[in-house]
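Visitor:
Protein chains: 2
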Amino acid sequence: MKNDRKLEDAVLDIAQRARSAARRLATISSGEKDSALKLMADNLRAQAPVILDRNSTDVERAKQAKLSSAMIDRLTLTEDRIEAMAAGLEEIANLPDPVGEVMRMWKRPNGLRIGKVRVPIGVIGFIYESRPNVTVDAAGLCVKSGNAIVLRGGSEAIESNSAIADVIATSLAQAGLPQDSVQLIRVTDRAAVGAMLKLDEYIDLIIPRGGKPLIKRVVEDSTIPVIMHYEGICHTYVDESADLDQAERICMNAKVQRPGVCNAMETLLVHSRVAEEFLPRIWEKLSAAGVEVRGCDRTRAIVPEAAAASDEDWSTEYLDLILSVKVVESIEEAIEHIGRYGSAHSDAIVTESYGNAQRFLQEVDSSAVFVNASTRFNDGFEFGLGAEIGISTNRLHCRGPMGLEELTTTKYIVYGSGQVRE
Amino acid sequence: MKNDRKLEDAVLDIAQRARSAARRLATISSGEKDSALKLMADNLRAQAPVILDRNSTDVERAKQAKLSSAMIDRLTLTEDRIEAMAAGLEEIANLPDPVGEVMRMWKRPNGLRIGKVRVPIGVIGFIYESRPNVTVDAAGLCVKSGNAIVLRGGSEAIESNSAIADVIATSLAQAGLPQDSVQLIRVTDRAAVGAMLKLDEYIDLIIPRGGKPLIKRVVEDSTIPVIMHYEGICHTYVDESADLDQAERICMNAKVQRPGVCNAMETLLVHSRVAEEFLPRIWEKLSAAGVEVRGCDRTRAIVPEAAAASDEDWSTEYLDLILSVKVVESIEEAIEHIGRYGSAHSDAIVTESYGNAQRFLQEVDSSAVFVNASTRFNDGFEFGLGAEIGISTNRLHCRGPMGLEELTTTKYIVYGSGQVRE
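Protein chains in written order, with the working numbering: chain A, 20 to 441; chain B, 20 to 441.
In structure tokens form, the structure reads like this:
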């Protein structure tokens with residue numbers, strides 16, 4: 020109990036200092052922010068040996084704890100990975116500053132001139148797992164958009180994250196920016212997250228990035244608004260009018276190019292009129308790429324080698340070389356399936372029919388809907404929006420890639436000359 | 020326990036039907052939605068006697084329960100008020116439909132054409148108190164923006180709200196729109212609100228409108244995103260360079276024109292260099308208008324008749340003919356006071372100094388910041404944005420007047436020609 024209180028006080032102190040840093044950060048010029056980001060990049064490169072040394076402690080502990088090799092890989096830093104982190108900061112520095120942008124300005128009949136201006140959100144609480152490079156990306160995006168950030172990484176990366184946070188704090192101080200703009204919660208006790216989620220007076224937004232249990236817990240416990248980066252159960256629907264060569268390229272890309280990410284395809288829907296021709300072709304390619312196919316009965320009638328899909332498969336995000344496949348009678352059935360089992364993340368149609376393309380775009384309500392392109396394009400860089408802190412599956416505030424603009428809010432500024440309301 | 024379960028099931032049923040109605044409503048044309056709104060207006064006028072009759076039951080009950088006369092006035096409907104509700108629906112019908120608007124569209128080097136399109140949020144849960152006309156406004160704005168709405172009004176207005184909801188449901192059915200697009204929770208048990216706040220699978224957004232305890236409870240209990248319409252502790256700062264005639268008009272308007280609303284002024288800050296001249300003038304006007312002044316020591320040294328302000332006054336939303344007044348040494352002190360005690364709602368400076376105007380606009384981080392105009396202008400109609408469902412004090416999703424655009428979210432549509440990711 021006493022320890023809990025001490026922990027709560029420590030988290031409260033961090034949040035209060037973040038709030039105060041955010042007030043100053045909001046009025047700092049773009050040039051100063053960019054210089055600080057470039058300094059961070061330089062210092063990361065210079066301090067690489069220290070960071071690698073402390074990272075090896077985390078990796079050693081992970082090996083002893085017998086974490087999966089995928090997790091250990093994500094945790095491991097190298098010279099190249101540190102260089103990539105530094106280069107990422109320089110890229111963020113080169114993006115336009117969203118803060119202060121007047122989105123619109125108009126004049127009212129009474130002479131008032133009203134403008135809508137972008138301002139920082141304030142203090143962001145960022146809760147994430149394992150990958151230490153995320154620490155740098157998130158800090159860079161928040162500093163650029165004028166937000167203070169409270170970082171809470173996974174306990175398995177605590178040494179790496181602490182080393183990185185030290186470099187960032189030093190750089191901020193050197194650049195004359197408030198050092199508390201980027202703070203890491205270094206207590207690995209999970210109660211620290213609970214304490215953080217109640218500080219709605221000091222933290223304006225929580226962004227959790229990680230597995231479903233983490234996100235579910237955050238949503239349930241938080242009194243602060245949460246923007247989720249949830250699962251992607253993404254579909255590609257091959258229409259009866261599809262160019263099947265194109266469909267094959269798009270499906271293979273969506274499934275195989277990087278299966279462990281949220282915009283990879285998990286379910287393939289094929290119109291019955293082209294199933295006989297398309298399924299054996301794609302099966303051959305998928306098998307060659309090591310993909311396990313789990314099909315509906317009609318799929319298995321055409322490709323008997325495929326495993327049987329259970330009802331659960333349709334709502335499963337594999338993040339792996341596994342694909343569920345279903346034959347549908349119509350575009351209606353495809354859209355209905357996507358609405359029922361999908362996660363409204365990224366869904367695509369392959370079609371040569373103008374009407375079906377338009378209909379799919381209108382009726383599928385996902386954060387990004389594609390015609391004749393791979394779902395893998397749902398990404399801030401690929402959309403031309405610059406670096407992203409994640410892909411929001413929320414419907415509020417922002418939906419899809421969350422970049423610098425999405426890390427801002429707005430205020431109205433009103434220029435008057437003595438107007439009063441009648 | 021058994022009753023609770025029954026109540027939960029009833030609320031769940033409403034939310035599920037709203038979700039299904041929202042899917043259909045999202046694809047309905049602007050013309051059909053506008054026709055439905057006009058039909059609602061006609062039917063409200065035609066059914067006025069029925070609505071007035073059921074309203075009188077609520078009013079009678081309120082009188083017996085000895086509610087305040089202000090509350091009874093807000094609850095009471097008249098022919099004129101019903102006409103105003105109907106006219107409001109017709110105004111909403113005449114506003115442009117935000118749904119389907121392509122906000123931007125651009126082309127990527129690989130030939131992908133990417134568009135950002137407005138779509139409805141989905142299902143809105145709206146929790147409000149006493150005024151029955153809010154039922155009509157909220158339903159109208161949601162139907163127009165393609166959202167289904169679950170209404171939960173105060174128990175004191177249950178008969179009036181039920182009568183109005185009946186008229187709306189009939190009108191939707193007559194117009195061929197899904198009848199479940201607008202539903203009222205008719206169980207007055209408060210546990211119904213608790214049940215509603217957990218249905219994040221079916222409800223996308225909760226908008227509470229009412230007193231602080233209601234909003235606090237909603238934020239604490241909800242697993243659904245909440246957009247608050249919280250208190251307005253609004254300031255007017257009279258700078259040393261102010262035109263004092265203008266300052267007088269603006270202050271009187273901000274305080275007196277309608278003191279019971281969130282954008283009315285609660286605290287007046289006056290620069291010490293003009294306090295000797297300005298305070299006696301404004302005191303005279305305020306007194307004549309029946310305003311009670313609570314001043315800091317320096318204010319009372321100039322206007323000894325003023326009552327003494329306690330520290331609590333600076334953070335109090337009076338919503339009444341009461342004003343706290345403080346003399347400040349500088350614009351810095353004014354901005355600092357507003358940041359510390361204000362609610363980031365609506366704040367104004369009266370000044371002839373270009374530099375101070377720009378500084379105030381930049382450093383005061385409120386939903387609307389005014390130069391030489393009354394804070395009372397922070398309003399959807401006054402800003403030229405059309406009808407509003409409230410004024411958001413959130414930093415996420417929308418800030419300030421929340422109209423039709425703010426009741427939408429976005430999706431990306433991507434037109435490809437076979438692109439895959441490298």
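All residues carry an ideal CB built from backbone N, CA and C; glycine is no exception. Nothing here was measured: the structure is a model prediction, and the numbers come from that model.
Does the beta-carbon distance from S385(B) to I410(B) come in below 9 angstroms?
Guide: No, the Cβ-Cβ distance between S385(B) and I410(B) is not below 9 angstroms.
Visitor: Taking C-beta to C-beta, are R132(B) and M124(B) nearer than 9 angstroms?
Guide: Yes; because the gap between Cβ atoms is below 9 angstroms, this pair is in contact.
Visitor: DSSP beta-bridge partners for Y256(B)?
Guide: Y256(B) is bridged to L288(B) and I368(B).
Visitor: How long is the line joining the alpha carbons of Q438(A) and E296(B), rounded to whole angstroms?
Guide: If you take the alpha carbons of Q438(A) and E296(B), they lie about 22 angstroms apart.
Visitor: Mind reading off the beta-carbon distance from A167(B) to V30(B)? Whole number of angstroms is fine, and I expect it under 8 angstroms.
Guide: Not quite, the Cβ-Cβ distance comes to about 14 angstroms (not below 8 angstroms), so this is no contact.
Visitor: With which residues is S149(A) paired in a DSSP beta bridge?
Guide: Note: S149(A) sits in no beta bridge, so no partner.
Visitor: Does V121(B) pass the burial test, meaning 16 or more other C-beta atoms within 10 Å, or should it be called exposed?
Guide: The residue is exposed, with fewer than 16 neighbouring Cβ atoms inside 10 Å.
Visitor: If you measure from the beta carbon of R100(A) to each beta carbon in chain B, is any gap under 9 angstroms?
Guide: With 9 angstroms as the cut-off, R100(A) does not count as an interface residue toward chain B.
Visitor: Kindly indicate the opening and closing residues of the beta strand (DSSP E) around F389(A).
Guide: Element bounds for F389(A): A387 to A392.
Visitor: Mind checking which residues open and close the alpha helix (DSSP H) that includes I269(A)?
Guide: Where I269(A) is concerned, the enclosing alpha helix (DSSP H) stretches over L263 to V275.
Visitor: Output the distance between the C-alpha atoms of G173(A) and G130(A), rounded to the nearest integer angstrom.
Guide: Taking the straight line joining both Cα atoms gives about 54 angstroms.
Visitor: Leaving aside the five residues before and after L96(A) along the sequence, list all residues of the same chain whose C-beta is less than 7 angstroms from its C-beta, in chain order.
Guide: If we look at L96(A) and ignore the five residues flanking it on each side, its Cβ neighbours are I70, L71, N74, P151 and S179.
Visitor: Provide the residue(s) that pair with P227(B) in DSSP beta bridges, ordered along the chain.
Guide: Answer by DSSP bridge pairing, in chain order: I146(B).
Visitor: Would you tell me roughly how many angstroms separate the C-alpha atoms of M271(B) and A308(B), rounded to the nearest one?
Guide: Distance between the alpha carbons of M271(B) and A308(B) is about 9 angstroms.
Visitor: Tell me which residues share the same chain as A210(B) and place their Cβ nearer than 7 angstroms to its Cβ, disregarding the 5 neighbours each side in the sequence.
Guide: Closer than 7 angstroms at Cβ, skipping near neighbours: D23 and L26.
Visitor: State the beta-bridge partners of R171(A) as determined by DSSP.
Guide: For R171(A), which the question treats as bridged, DSSP gives the partners I146(A).
Visitor: For the ligand ZN, any of its heavy atoms closer than 8 angstroms to the Cβ of S88(B)?
Guide: Among the components modelled here there is no ligand, and therefore nothing to report on the ligand ZN.
Visitor: Judging by CA-CA distance, which residue of V257(A), K163(A), V186(A) and R292(A) is the nearest neighbour of L379(A)?
Guide: The amino acid at residue 379(A) is misidentified as Leu; the sequence shows Phe. Checking every option, the nearest Cα to that of F379(A) belongs to V257(A).
Visitor: Out of A353(A), M284(A), F402(A) and A283(A), state which residue places its alpha-carbon closest to the alpha-carbon of S291(A).
Guide: If we check each option's Cα against that of S291(A), A353(A) comes out closest.
Visitor: Using a Cβ distance threshold of 8 angstroms, determine whether the stretch 40-47 of chain A contacts the stretch 184-203 of chain A, with at least three qualifying pairs required.
Guide: They touch, by the three-pair rule.
Visitor: Step through the CB atoms of chain B and report whether any lies within less than 9 angstroms of the CB of K430(A).
Guide: Yes, because at least one Cβ of chain B sits closer than 9 angstroms to the Cβ of K430(A).
Visitor: Kindly say whether H248(B), judged by its beta-carbon, lies nearer than 9 angstroms to any beta-carbon of chain A.
Guide: Not one chain A Cβ lies under 9 angstroms of H248(B).
Visitor: Does any CB atom of chain B fall closer than 9 angstroms to the CB of W125(A)?
Guide: Yes, W125(A) lies at the interface with chain B (some Cβ there is under 9 angstroms from its Cβ).
Visitor: What does D223(B) reach in chain A if we use C-beta pairs closer than 7 angstroms?
Guide: In chain order: R414.
Visitor: Hey, D116(A) and S49(A): beta-carbon distance below 9 angstroms or not?
Guide: Yes. Within cutoff.
Visitor: Any beta-carbon of chain B closer than 9 angstroms to the one on F297(A)?
Guide: No, no contact with chain B.
Visitor: From which residue to which residue does the alpha helix (DSSP H) around M247(A) run?
Guide: No alpha helix (DSSP H) holds M247(A); DSSP gives it neither H nor E.
Visitor: Check whether chain A comes within 9 angstroms of F389(B), counting only Cβ atoms and requiring the distance to be less than that.
Guide: So yes, F389(B) belongs to the interface.
Visitor: DSSP three-state call for I33(B): helix, strand or coil?
Guide: Looking at I33(B) - three-state DSSP - the assignment turns out to be helix.
Visitor: When Cβ atoms are compared, which residues of the stretch 27-55 of chain A fall closer than 8 angstroms to chain B?
Guide: Those would be R42, A45 and T46, in chain order.
Visitor: Nearest by alpha-carbon distance to T207(A): which of S149(A), V238(A), T370(A) and D332(A) is it?
Guide: Comparing Cα positions, the closest option is S149(A).
Visitor: What are the boundary residues of the beta strand (DSSP E) that includes V136(B)?
Guide: Per DSSP, V136(B) belongs to the beta strand (DSSP E) from R132 to P139.
Visitor: For chain B, find out if any of its Cβ atoms is closer than 9 angstroms to the Cβ of V433(A); answer yes or no.
Guide: So yes, V433(A) belongs to the interface.
Visitor: Which residues mark the beginning and the end of the beta strand (DSSP E) in which P128(A) is found?
Guide: P128(A) -> no beta strand (DSSP E), and no H or E assigned at all.
Visitor: Leaving out five residues on either side along the sequence, give the residues of the same chain with a beta carbon under 7 angstroms from the beta carbon of M119(B).
Guide: The sequence shown places Gly at residue 119(B), not Met. Result list for G119(B): V136 and R137, in chain order.
Visitor: Do three or more CB pairs link the stretch 402-418 of chain A to the stretch 417-437 of chain B at distances below 8 angstroms?
Guide: Contact holds: three or more Cβ-Cβ distances are below 8 angstroms.
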